[in-house]
Amino acid sequence: MTLDLFEKFDPILNDYNSLPEGAENPFTVSMEKVLSPTTAIINGRETILAGTNNYMGMTFNAECMAAAQKALTDFGTGTTGSRVLNGTYNSHKQLEETLKEFYDCQHAIVFSTGYQANLGVISTLAGPKDYVVIDTDSHASIYDGCAMGNATVVRFKHNDPDNLDKRLNRIRRDDPEAGILVVLEGVYSMLGDQAPLKELTRISKNHNAYVLVDEAHSIGVFGETGRGVAQEQDVEDQIDFIIGTFSKSVGTIGGYCVSNHPKFEALRLVCRPYIFTASLPPSVVASATKALELIASTNLRSKLLDNSMRLNKGLCDVGFNMGTTGESPIAAIVIDDQNTAIAFWGEMIKEGVYVNLALPPATPNRMNLMRCSLSAAHSFAQIDFMLEKFTLVGKRLGILQDKVARIQNLA
Amino acid sequence: MTQNVDEIFERICTLLKPFNKKDIAIGKDTAFSIDLELDSLTVMDMLSEIEDEFDITIPLNMLPDLETVGQFTDAVHKLLSE
């Protein structure tokens, strides 16, 4: 008898089928109408969006929308082709020029998504004789870039300089000539923690390794002109490649890689995820270009981090077990039991707050998280509304009461 | 200095103790996923500890071929002999 190709998915399907049905199912939620960067209609109810990675609130920016609408009218809905065939318009080149200015660097290549930027750059740069060294908590696109390439892949313990040093030592001992690419993230998305780039880049350079930093969650959010954590930690001159996305702070979709390597443009000829896909639609290119200009010229970073600190501090004060500290735009409550986390999500959506339910294996250390990503567009009133609802649901599900009871028992 | 396979197996068994939640008897046929019920993330954590214990590089690329303790032992033996 032939094997059912789908049999291997039975365990995950069983888990999925045990989820609550209807409005309380976190994986089937959809937005009926989006009213602003921070509000939408979900299940017929006006809902505060507290988990959209829309850090700058750029999705409804009037200038970005006007630029996108003009491009749509002038150039149509899509390019229908690859960057290396018919898919390069002047605006794609202009966007790459804007990125070069934004990062003050010599080369920039735009990809159709951030996922493809990691997939393409990592799989292409590191060949069969090379090594890619990645952090344990790396995003799926980094793992997939490794899986797609032919390099030897080595992992080091999350944000641990000594652990990285040990691994680079061994690689160099066994293979003094090898090309090595160390892949880091400026901000790790689940708990919002920054990489200690100063130490990690110093160690990498000691072993003659190239350094790539993914600033997907940090562009716009950190650094004096919003370039990210490398700028914030003043190590930009030590970084060989910066990868980023337009799908968070920039408010649309697309990815990019910037570099000062003199041969960087060669990637356009050899990088398959760049070549074998259609380029970004003109309207997306136009709004991304405008948004980058706005990020460089306006400072919404302090407002964003104030918002995050207010929520993080508030949640911590009422007694939630927090995985975050408020130093990034992420606020994540750690919930011990997975079914309680799923129920928590369902109660929050009924109360009119959309957050992310993040479960293993997408989370570090097998945590169940109620994850919020704050926006500079959130008002303090909205943050306080979130806090009120989190507290209400936390008590309803016995999470907060447990804590109080524990303290009373100790006394 | 090449270690013999049995010594390597013993050292791996010692490293596996904290991962052996059900305290089953470990042999060379013991499979990480089925017998020890370890998920892929735990296997990767364990791999990291084995790297440090033997001071070797075990590429992530090898992981799909390492399903049992015996296969792991042979891989470590091979890497130490190179």
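Order-wise, the sequence lines are chains A and B. The first sequence: position 356 = 356 (my numbering), numbered continuously. The second sequence: position 12 = 423 (my numbering), numbered continuously. Glycine included, each C-beta is placed from N, C-alpha and C at the ideal position.
Check whether residue i and residue j have beta carbons under 8 angstroms apart
i: M190 of chain A; j: A332 of chain A; result: yes
i: I48 of chain A; j: V353 of chain A; result: yes
i: T201 of chain A; j: Q231 of chain A; result: no
i: S283 of chain A; j: A71 of chain A; result: yes
i: I109 of chain A; j: L294 of chain A; result: no
i: T479 of chain B; j: A436 of chain B; result: no
i: T453 of chain B; j: V154 of chain A; result: no
i: P192 of chain A; j: T324 of chain A; result: A quick correction: the sequence has Gly, not Pro, at residue 192 of chain A. Cβ atoms of G192 of chain A and T324 of chain A: closer than 8 angstroms.
i: F111 of chain A; j: G254 of chain A; result: yes
i: P475 of chain B; j: T152 of chain A; result: no
i: L181 of chain A; j: D135 of chain A; result: no
i: V211 of chain A; j: V132 of chain A; result: no
i: I330 of chain A; j: R371 of chain A; result: yes
Reference residue i, options the options, closest by Cα
i: H158 of chain A; options: A:Y256, A:A71, A:E185; result: A:E185
i: K350 of chain A; options: A:L315, A:E327, A:L392; result: A:L392
i: M31 of chain A; options: A:A266, A:T201, A:S373, A:V355; result: A:V355
i: P176 of chain A; options: A:H92, A:G319, A:L168; result: A:L168
i: A358 of chain A; options: A:D336, A:A376, A:S379, A:H378; result: A:D336
i: H261 of chain A; options: A:G251, A:K248, A:P196, A:I242; result: A:I242
i: G57 of chain A; options: A:S247, A:T324, A:S279; result: A:S247
i: G226 of chain A; options: A:P161, A:A195, A:L99; result: A:L99
i: A291 of chain A; options: A:A381, A:H207, A:M1, A:V250; result: A:V250
i: L374 of chain A; options: A:L311, A:G127, A:R396, A:G145; result: A:L311
i: T252 of chain A; options: A:C105, A:F320, A:T113; result: A:T113
i: E199 of chain A; options: A:I399, A:A343, A:D165; result: A:D165
i: F60 of chain A; options: A:L35, A:G78, A:L300; result: A:L35
i: I171 of chain A; options: B:L447, B:E418, B:I445, B:E462; result: B:E462
Residue i burial status per 10 Å Cβ neighbour count (16 or more: buried)
i: R272 of chain A; result: exposed
i: G149 of chain A; result: buried
i: E101 of chain A; result: exposed
i: V270 of chain A; result: exposed
i: T80 of chain A; result: exposed
i: M348 of chain A; result: buried
i: Y418 of chain A; result: The structure shown does not extend to residue 418 of chain A, since chain A is modelled only from 1 to 411, so the question has no answer here.
i: T425 of chain B; result: exposed
i: Q382 of chain A; result: buried
i: T484 of chain B; result: buried
i: A68 of chain A; result: buried
i: M386 of chain A; result: buried
Cβ-heavy atom distance, residue i to the ligand SAH, below 7 angstroms
i: P329 of chain A; result: In the structure shown, the ligand SAH is absent, as is every other ligand, since no ligand is present at all.
Those residues which DSSP pairs with residue i across a bridge
i: F156 of chain A; result: A:D135
i: N368 of chain A; result: A:I335
i: C434 of chain A; result: Shown here, chain A extends from 1 to 411; a query on residue 434 of chain A therefore has no answer.
i: Q194 of chain A; result: A:V187
i: D214 of chain A; result: A:E185, A:I243
i: R45 of chain A; result: A:I42
i: G51 of chain A; result: A:S373
i: S36 of chain A; result: A:T39
Next on the checklist: Taking 8 angstroms as the cut-off, does the region 198–218 of chain A touch the region 76–85 of chain A (at least 3 CB pairs, one atom from each stretch)?
Outcome noted: no
Next on the checklist: So, does the region 307–316 of chain A touch the region 383–390 of chain A, judging by three or more C-beta pairs under 8 angstroms?
Outcome noted: yes
Checklist entry - Is the number of C-beta pairs between the region 117–137 of chain A and the region 90–101 of chain A that are closer than 8 angstroms three or more? => result no
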